[in-house]
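What follows is one structure encoded as structure tokens, with my remarks underneath.
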Amino acid sequence: MEAKLLFLHTLSPLHTGTGQGVGVIDLPIAREKATNIPYIPGSSLKGVLRDACREDEEIKKQVFGTEVNSDEMYAGAVNFTDLRLILLPVRSLKGVFAWVTSPFLLRRLVRDGEAAMDNSLPKMIPIPQSDERCLVTTQHECTRQTKEVREVILEDLVLQADNSKEVDAWAVWFAEAIFPQDAAWQEIMRKRLCVITDDIMSFLMETGTEVNARIALERDTKTTKDGALWYEESLPAETVLSGLVIGTTIKESKANPKIVFNTVKNCTATPLQVGGSATVGRGICQLNMVPANSEG
């Protein structure tokens, strides 16, 4: 068994729901029970990539498994963990928006990196001193200087900003992992990464998502159907989630990790649609495997 890190960058708002909600939001996004962190189920991602796979039918069966009613039945060689939030875009008074993360989210990513035997991740976890402070890159575009301090204003939160070489290292690593072929967006990442405390991150994960009112229209009159108003939650565009793609060896199909990673690389060469509300433009995403080569 071999594994690689997999990043998903949302190009439009993303809705992966849990069915009916119990609160004021009718269609909430999926969240972990213990941490409340938004995530995309690995099963959903596997279905999207299987549908996007343009390899010959034999390789497709080797990687994703046979159909349920097939004459020969065996499991696929690829497995996906859930993709969990790692970078949340948050509106900033200066610089449009900042990508925010926290020590807990970074520790989870490091743990995934260790599982993938990826030694390229930064070794140090930046930790802000208090809930009123944050750590930013030395060339951050979202900070402003007052008479007393340098600060970042995220939504309605005013945080004192401290430069951090550790955040610089993470910003460079994220830039190369998420935007491997795009120098302009690499530069944006290096100037917008912000590390906040876990408590403030929990608050923003709850309040920083999009909630949109949706309606359904009568086909003939184009007026709203009775009772057809609902509220739908989505992760905003520019959100980044991460997880693992795991390649195994299946004797029945002669599949191996190299075939798995090569197929995933080909499937993710162009943006894909993930989650619900596809007809209204939700869920357009770019996926990147790290490292990008197909070798196990």
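Residue numbers (my numbering): 3 to 298. We put the CB at the ideal spot given by N, CA and C, even for glycine. From a predicted model like this one, the values you see are computed outputs, not experimental measurements.
The residue from N81, V282, L16 and T139 with its alpha-carbon nearest to that of E189 is T139. One thing to note: L156 has its Cβ no nearer than 7 Å to the Cβ of A173.
Across the structure, F66 and P30 are spaced so that their CA atoms are roughly 29 Å apart. Bounds of the alpha helix (DSSP H) holding R110 are P105 to A117. A5 places its beta carbon 7 Å or farther from that of A185. A straight-line Cα-Cα distance of about 14 Å links V282 and E235.
Taking the CA atoms as reference points, D84 sits about 35 Å from L219. For A294, the number of other beta carbons within 10 angstroms of its own is below 16, and it is reported as exposed. Of the residues V197, P15 and L246, the one whose Cα lies closest to the Cα of L161 is V197. Taking 7 Å as the cut-off, the beta carbon of T18 is found closer than this to the beta carbon of G277. A Cβ-Cβ separation of about 6 Å places L16 in contact with R284 under the 8 Å criterion. Judged by their CB atoms, G44 and F82 are nearer to each other than the 7 Å cut-off. Annotation for F82: the continuous beta strand (DSSP E) segment containing it runs V80 to F82. Assigned with DSSP and collapsed to three states, T145 falls in strand. Between the stretch 47–54 and the stretch 261–281, the count of C-beta pairs closer than 8 Å reaches three or more; the two stretches touch.
The three-state secondary structure of M191, taken from DSSP, is helix. Around the CB of D228, fewer than 16 other CB atoms lie within 10 Å, so the residue is classed as exposed. Assignment of Q275 by DSSP, reduced to helix, strand and coil, places it in the strand class. 7 Å or more divides the Cβ of D164 from the Cβ of L206. DSSP places Q131 outside any alpha helix (DSSP H), giving it a letter other than H or E.
Around the beta-carbon of A177, 16 or more other beta-carbon atoms lie within 10 Å, marking it buried.
With fewer than 16 other Cβ atoms from the protein chains shown falling within 10 Å of its own Cβ, M126 counts as exposed.
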